[in-house]
Structures are given as structure tokens and as C-alpha cells.
Amino acid sequence: METQQRSQIKVIRSDPNRLRLKMAELYIRVAEDENEEPMEIPSEDDGTVLLSTVAAQFPGACGLRYRSPVSQCMRGVRLVEGILHAPENGWGNLVYVVNYPKDNKRKMDEIDASSAVKIKRGDQKTSDLIVLGLPWKTSEQDLKEYFSTFGEVIMVQVKRDVKTGNSKGFGFVRFADYETQVKVMSQRHMIDGRWCDCKLPNSKQGPDEPMRSRKVFVGRCTEDMTAEELRQFFMQYGEVTDVFIPKPFRAFAFVTFADDQVAQSLCGEDLIIKGVSVHISNAEPKHNNIHHLFSNFPGRSPSLAAMLERSHFQFPSSHV
35 METQQRSQIK VIRSDPNRLR LKMAELYIRV AEDENEEPME IPSEDDGTVL LSTVAAQFPG
95 ACGLRYRSPV SQCMRGVRLV EGILHAPENG WGNLVYVVNY PKDNKRKMDE IDASSAVKIK
155 RGDQKTSDLI VLGLPWKTSE QDLKEYFSTF GEVIMVQVKR DVKTGNSKGF GFVRFADYET
215 QVKVMSQRHM IDGRWCDCKL PNSKQGPDEP MRSRKVFVGR CTEDMTAEEL RQFFMQYGEV
275 TDVFIPKPFR AFAFVTFADD QVAQSLCGED LIIKGVSVHI SNAEPKHNNI HHLFSNFPGR
335 SPSLAAMLER SHFQFPSSHV
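Set out below in C-alpha cells:
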């Protein structure tokens with residue numbers, strides 16, 4: 035009898051058809067989520083499934099669960115010393131969902147959130163950039179041809195005077211790609227022989243960014259420079275709303291622009307007016323100038339600075 039049983043076992047093991055049938059039954063369906071397409075995971079000869087086998091396909095897995103056909107509730111698969119045991123009625127044709135440790139799931143969520151942020155940054159919309167310091171002769175076609183070397187341009191505009199049609203010395207450009215916009219803003223541009231700047235207009239500034247002055251200080255002026263001559267000279271950079279030359283003459287002047295971006299783009303520049311090199315800088319409020327003047331003076335006195343602020347040496351408030 036014992037010899038006959040051994041012979042039957044030997045026949046079963048040697049029968050290739052029976053072996054293929056047995057192997058076909060040694061796979062269970064496993065997915066990372068109920069709604070995803072499952073993967074077939076091989077089981078062991080005794081019908082169990084090794085957790086290491088599951089983790090090989092789903093890194094970080096710590097168990098399996100399935101939805102009960104009767105209660106429709108999720109049930110956990112018994113795990114003993116790294117071995118997953120089939121439910122009471124066998125593995126069946128159910129789809130088993132992978133379990134992950136909570137910490138690992140939190141990390142995965144953080145990675146997904148980080149990826150979402152990166153995608154969001156990559157999808158940032160571009161803005162209209164103001165182009166400051168344009169030469170009078172620069173046309174919209176010239177502007178488009180220049181900026182097309184950086185990337186796709188979807189809009190260019192040169193601001194012109196309504197009455198004369200002359201350029202106001204600035205314009206706008208918009209790019210299709212945000213990365214191109216960042217690159218263009220990070221450098222100065224030589225357009226038709228003049229240095230120009232590309233910036234976000236004031237309306238695009240953040241709430242914490244301070245408002246900048248529209249007024250510049252023009253140093254090293256000569257007495258033969260008139261307010262009208264200064265106005266005509268600086269109008270090539272942008273609309274000028276006021277020119278002030280102190281009397282008695284003190285070798286400097288103040289020029290106010292309609293756009294503070296134009297004013298800031300000129301600060302630090304040395305320009306030639308009537309054959310004379312003048313220096314452009316910020317026109318700071320008078321109290322800043324006075325305190326800065328005495329900040330490094332030995333035995334400085336706040337009361338002295340305050341007195342000078344009230345004295346006849348201060349500039350008219352409407353022009354400082």
C-alpha cells in the first residue's frame with residue numbers, strides 16, 4: 035500500500051500537465067489600490083505567500099488586505115513571521131491590496147505634495163514685463179526680434195505718446211515660458227546700443243516690497259543747464275513729470291518720472307548732458323540726508339540735525 039502511494043506521488047510529480055495546472059493555481063492577485071490593475075504574485079508550495087515576495091514588487095509593503103464578498107468590509111490577511119496565510123476559503127479570485135506602514139505612507143504623501151509643488155512652479159503663468167530705457171528708434175519689431183533669442187515671445191508693445199506717436203522710452207514684453215521670463219529678468223539688455231532693464235511692473239510687486247521713488251538726484255550739473263533742457267534729455271527714458279533746479283544754483287537738480295521703474299533704472303548711471311558727465315542717484319527724503327550727513331561726525335548731536343532740518347538749508351518739501 036505504501037509502495038502504491040509513493041508511486042502515485044511520483045506519477046503526479048512527473049506529469050507535466052498536472053505540474054502546469056498546479057503552477058497556475060499558485061498565483062494570487064495583488065494591487066496597490068483597489069482601483070488599479072492587479073499583479074499576480076506567486077505563492078509557496080503550501081499555499082502561503084511570503085511577505086518578501088510581495089515587497090519585492092511593492093517596496094515597503096507590510097501586509098495585505100481584501101474586501102469581504104459577504105460584509106463588503108476590508109479584512110486583513112493573517113501574517114505570521116513574514117508568511118501570509120490564505121483566508122479560510124483560500125485565496126480565491128479576490129484582489130488583495132497592499133498595506134504600508136503609516137510613516138511610510140506619510141512620506142509618500144509628502145513626496146507627492148512636493149512633486150505637486152514642483153509641477154505647480156513649472157506651470158506658473160508668465161507676466162507682462164516692463165522694458166525700461168528703450169531708445170527712441172526702437173520699434174515693436176526690433177523688440178520682438180531681440181527677445182525672441184531668449185524664447186517664444188507672445189506679446190510686445192512700445193508705449194507711445196498719444197499726440198505725437200513718439201516712443202515714451204519704455205515698453206512691455208511677455209513670454210510663453212516662465213523660465214524664459216526669469217532668465218530675462220536676471221540680466222540687463224543691450225537694445226539698439228543702450229542698456230535696458232526688464233522688470234515686473236509695480237502692480238506685480240509683492241505686498242512687502244516697498245514703493246520706490248519716482249524722483250532722481252542729478253549731480254554735477256552746470257549753470258547753463260536749464261530745466262527744459264533736462265526735461266528734453268530725460269524724456270528719452272520715460273515720461274518726465276517735473277524738473278527742479280534749486281536757486282541759488284547748487285550744481286544739482288531733481289527729475290521726477292511718471293514711472294518709478296524708469297527712475298530706478300537710471301540710478302547709478304553717469305550720463306552726458308551738453309558735454310558734461312552727470313551722475314544719477316536716488317533722491318532720498320531730506321531727513322535721511324541730514325541724519326546720514328551727521329551719522330559719522332564726532333560728537334554728533336541729534337538736536338543739531340533736527341535744527342538743521344528746520345533751517346533754511348532744507349529743500350522745499352514739494353521738491354525733495
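Numbers 35 to 354, taken from this note's numbering, label the letters of the sequence shown in order. No residue lacks a Cβ here, since even glycine has one placed at the ideal position from N, Cα and C. Please read all numbers here as calculations on a predicted model, not as lab measurements.
My understanding is that residue i touches residue j, with C-beta atoms under 8 Å, so please give their C-beta distance in whole angstroms.
| i | j | result |
| --- | --- | --- |
| Ser86 | Gly116 | 6 Å |
| Leu166 | Phe204 | 5 Å |
| Leu98 | Leu118 | 6 Å |
| Leu163 | Met219 | 7 Å |
| Val111 | Ala65 | Val111 to Ala65, Cβ: 14 Å. No contact. |
Are there 16 or more other CB atoms within 10 angstroms of the CB of residue i, so buried, or fewer, so exposed?
| i | result |
| --- | --- |
| Gly81 | exposed |
| Ala58 | In this predicted model, Ala58 has a pLDDT of only 47, less than 50, meaning its place in the structure is not dependable; the value taken from the coordinates is given anyway. With fewer than 16 other Cβ atoms within 10 Å, it is exposed. |
| Gln215 | buried |
| Lys171 | exposed |
| Asn200 | exposed |
| Asp293 | buried |
| Ser311 | exposed |
| Phe283 | exposed |
| Gly309 | exposed |
| Asp231 | buried |
| Gln202 | Reading off the sequence shown, one finds Lys at residue 202, where the question assumed Gln. The residue is buried, with at least 16 neighbouring Cβ atoms inside 10 Å. |
| Gly227 | exposed |
| Val196 | exposed |
| Val114 | exposed |
| Asn69 | exposed |
| Leu300 | buried |
| Ala95 | buried |
| Trp229 | exposed |
Can you tell me the Cα-Cα spacing of residue i and residue j, whole angstroms?
| i | j | result |
| --- | --- | --- |
| Phe184 | Val207 | 12 Å |
| Val129 | Tyr100 | 7 Å |
| Ile307 | Arg222 | 23 Å |
| Lys217 | Arg265 | 33 Å |
| Met108 | Gln158 | 41 Å |
| Val187 | Phe181 | 7 Å |
| Leu60 | Pro76 | 6 Å |
| Lys249 | Ser315 | 9 Å |
| Pro235 | Val296 | 11 Å |
| His313 | Gly302 | 7 Å |
| Thr260 | Glu213 | 45 Å |
| Ser102 | Asp211 | 51 Å |
| Gln91 | Pro72 | 11 Å |
| Glu122 | Glu78 | 17 Å |
| Lys56 | Glu74 | Residue placement at Lys56 cannot be trusted, given a pLDDT of 46 that sits under 50; what the coordinates show is reported in the next sentence. If I take the Cα positions, the gap works out to 15 Å. |
| Asp304 | Asp276 | 20 Å |
| Ser105 | Ala120 | 18 Å |
| Pro63 | Gly126 | Before going further, note that residue 63 is Arg rather than Pro in the sequence given. If I take the Cα positions, the gap works out to 9 Å. |
| Gln175 | Cys255 | 37 Å |
| Thr198 | Ser173 | 15 Å |
| Val252 | Ala285 | 9 Å |
| Gly272 | Ile225 | 16 Å |
| Lys320 | Thr160 | No answer about Lys320 holds up, because its pLDDT of 47 lies below 50 and its placement is not dependable. |
| Asp67 | Asn133 | 9 Å |
| Glu179 | Met189 | 12 Å |
| Ile279 | Gln191 | 34 Å |
| Pro135 | Pro93 | 11 Å |
| Val32 | Lys281 | The shown model of the chain, from 35 to 354, leaves out residue 32, and the question about it has no answer. |
| Gly240 | Lys193 | In this prediction, Gly240 has a pLDDT of 45, which is less than 50 and means its spatial position is unreliable; what the coordinates show is noted afterwards. Gly240 and Lys193: Cα-Cα distance of roughly 24 Å. |
| Ala317 | Glu263 | 20 Å |
| Val88 | Lys233 | 55 Å |
| Leu168 | Glu257 | 29 Å |
| Gln298 | Ser247 | 8 Å |
Which ranges does the alpha helix (DSSP H) cover as unbroken runs of at least 4 residues, wholly within the segment 50 to 120, from first to last along the chain? 50 to 58, 85 to 91
Does the segment 289 to 303 touch the segment 263 to 279, meaning 3 or more C-beta pairs lie closer than 8 Å? yes
Inside the segment 186 to 241 only - beta strand (DSSP E) runs reaching at least 3 residues: 187 to 194, 201 to 209, 223 to 225, 228 to 233
Curious, which full-length beta strand (DSSP E) runs of at least 3 residues does the segment 249 to 277 contain? 249 to 253
Which full runs of the alpha helix (DSSP H) of 4+ residues lie inside the segment 285 to 309, going along the chain? 294 to 300
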